[in-house]
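Numbers given in my numbering equal positions in the sequence shown, counted from 1, plus 78.
Working notes for the structure below.
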Amino acid sequence: MVINEVPNSCARSLSGVRASARRQIQMALRESEAIVLRTYPLGEGDRIVSFLDRAAGRLRGVARGARHTKSRFGSTLEPLSHVRIWYFERETRELVQINQCELLESFMVMQSDYSIANFLALISEVTESVLPEREQAEPQFRLVLLAARAIKNQAAIPPVLAYFTGWTARLAGWFSFLGQCAKCGRAMDGEPGFASIGSSGILCATCRQGWMTSISPAALAAGRQILTGKLDRFLKEKYSTDTLNEISEHTLNVIEHHAEKKLVTRQMVATINNY
Ligand SMILES: [Zn+2]
Numbered sequence: 079m080v081i082n083e084v085p086n087s088c089a090r091s092l093s094g095v096r097a098s099a100r101r102q103i104q105m106a107l108r109e110s111e112a113i114v115l116r117t118y119p120l121g122e123g124d125r126i127v128s129f130l131d132r133a134a135g136r137l138r139g140v141a142r143g144a145r146h147t148k149s150r151f152g153s154t155l156e157p158l159s160h161v162r163i164w165y166f167e168r169e170t171r172e173l174v175q176i177n178q179c180e181l182l183e184s185f186m187v188m189q190s191d192y193s194i195a196n197f198l199a200l201i202s203e204v205t206e207s208v209l210p211e212r213e214q215a216e217p218q219f220r221l222v223l224l225a226a227r228a229i230k231n232q233a234a235i236p237p238v239l240a241y242f243t244g245w246t247a248r249l250a251g252w253f254s255f256l257g258q259c260a261k262c263g264r265a266m267d268g269e270p271g272f273a274s275i276g277s278s279g280i281l282c283a284t285c286r287q288g289w290m291t292s293i294s295p296a297a298l299a300a301g302r303q304i305l306t307g308k309l310d311r312f313l314k315e316k317y318s319t320d321t322l323n324e325i326s327e328h329t330l331n332v333i334e335h336h337a338e339k340k341l342v343t344r345q346m347v348a349t350i351n352n353y
């Protein structure tokens with residue numbers, strides 16, 4: 079019995095050291111660039127923050143004391159704030175612990191315009207809905223910033239919305255406006271295409287199924303340009319609002335179908351833009 083007690087005690091002590099080392103590794107402080115997507119109140123004065131880390135993807139964390147008047151987080155946790163963030167990640171816990179935030183770029187001033195505020199809320203909700211947690215999504219990170227900055231620079235909402243939703247669906251692998259029929263391969267130019275929200279390709283009139291949605295030639299052309307060009311160049315094109323909204327409507331249907339949820343903010347943006 080006595081002989082057995084010594085090794086047991088050593089084993090406990092050693093396992094305590096290992097556990098402590100493990101905790102240190104698990105609690106390592108990370109520094110990154112991020113976009114705040116949404117926040118939710120937690121308890122008396124804390125917030126849960128959903129954010130898109132440029133390197134690590136979408137994460138959720140707790141910002142202790144963030145709802146107190148003199149919080150060290152200040153205005154850094156507003157929706158779509160572009161921040162430098164420091165947080166502790168614990169492998170055993172779903173939520174990271176946010177330690178500090180520093181504002182790099184704010185879109186808060188735009189929130190006073192009701193239609194723009196709704197559009198920004200849609201960007202947040204779409205991004206949150208399509209990205210799985212903890213998967214790298216750097217292209218989506220750049221897309222969110224690109225769309226928010228375009229609106230900040232006075233771009234109209236319909237083309238930016240079409241560009242943002244088109245590329246979001248494309249990055250997820252749910253959408254591709256090709257110049258040719260996805261079934262027979264025939265080039266399609268100046269003719270309507272036919273789409274299903276469950277598949278990414280567009281079909282020609284011969285290959286279509288009866289229940290597919292028709293997409294106008296103008297919307298097909300705009301969609302092709304969205305997926306092959308930059309936003310600033312797309313903004314110089316003179317597509318009608320109807321054409322742009324046709325793309326947004328289709329791609330938002332695709333996003334809702336794959337994300338398996340209705341977007342709460344979509345109706346508010348639709349009402350304002352009349353599509
Ligand atoms: Zn075809």
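In this text, a Cβ means the ideal position worked out from N, Cα and C, and glycines have one as well.
Query: Please list, following the chain, all residues that have a C-beta closer than 6 Å to any non-hydrogen atom of ligand 1.; Result: 259, 261, 262, 264, 281, 282, 284 and 285
Query: Which partner residues of residue 135 appear in the DSSP bridge assignment?; Result: 131
Query: Would you mind sorting residue 159 into buried or exposed? The rule is 16 or more other CB atoms within 10 Å of its CB.; Result: buried
Query: Am I right that residue 283 and residue 325 are in contact with their C-beta atoms under 8 Å? What's the rounded C-beta distance?; Result: The Cβ separation is near 19 Å, so there is no contact.
Query: Taking just the CA atoms, how far does residue 141 sit from residue 311?; Result: 39 Å
Query: Which residues in the same chain as residue 136 place their Cβ atom closer than 8 Å to its Cβ, once the five residues preceding and following it in sequence are excluded?; Result: 115, 128, 129, 130, 205, 206, 209, 210, 211, 212, 213 and 215
Query: So, is residue 262 buried or exposed, given that buried needs 16 or more other C-beta atoms within 10 angstroms?; Result: exposed
Query: Within its chain, find whatever has a CB closer than 6 Å to the CB of residue 285; leave out the 5 residues flanking it on each side and keep chain order.; Result: 259, 261 and 262
Query: In its own chain, which residues sit with a C-beta less than 8 Å from the C-beta of residue 90, not counting the 5 before and 5 after it?; Result: With a pLDDT of 46 at residue 90, under the threshold of 50, the modelled position of that residue is not reliable, and the figure given next carries that caveat. No residues qualify anywhere along the chain.
Query: In three-state terms, what does DSSP make of residue 317?; Result: coil
Query: Here's a check: name, in chain order, each residue in its chain whose Cβ is nearer than 7 Å to the Cβ of residue 120, leaving out the five neighbours to either side.; Result: 126 and 140
Query: At 4 residues or longer, and completely inside the stretch 157-212: list those alpha helix (DSSP H) runs for me, N to C.; Result: 192-208
Query: Can you tell me whether residue 234 is buried or exposed? The criterion is at least 16 other CB atoms within 10 Å of its CB, across all chains shown.; Result: exposed
Query: Which class does residue 80 belong to by DSSP, given the choice of helix, strand or coil?; Result: Here the model assigns residue 80 a pLDDT of 38, short of 50, so the residue's position is not dependable and the matter cannot be decided.
Query: Consult DSSP for residue 228 and reduce its assignment to one of helix, strand or coil.; Result: helix
Query: Please name the residue or residues paired with residue 272 in a DSSP beta bridge.; Result: 281 and 292
Query: Compute the distance between the beta-carbons of residue 202 and residue 157, then report whether it is under 7 Å.; Result: yes
Query: When we look at the beta-carbon of residue 245 and count the other beta-carbons within 10 Å, is it buried (16 or more) or exposed?; Result: buried
Query: Can you find the residues in the same chain that come closer than 8 Å, C-beta to C-beta, to residue 198, ignoring five residues on each side of it along the sequence?; Result: 157, 158, 185, 188, 189, 226 and 229
Query: How close, in whole Å, do the beta carbons of residue 322 and residue 217 come, if the pair is a contact with beta carbons under 8 Å?; Result: No, residue 322 and residue 217 are not in contact; Cβ-Cβ is about 22 Å, not under 8 Å.
Query: I'd like the list of long-range same chain contacts for residue 354, defined as Cβ closer than 7 Å, with 5 residues on each side in sequence excluded.; Result: The first residue shown for the chain is 79 and the last is 353, placing residue 354 beyond what the model contains.
Query: Using DSSP with H/G/I as helix, E/B as strand and the rest coil, what is residue 116?; Result: strand
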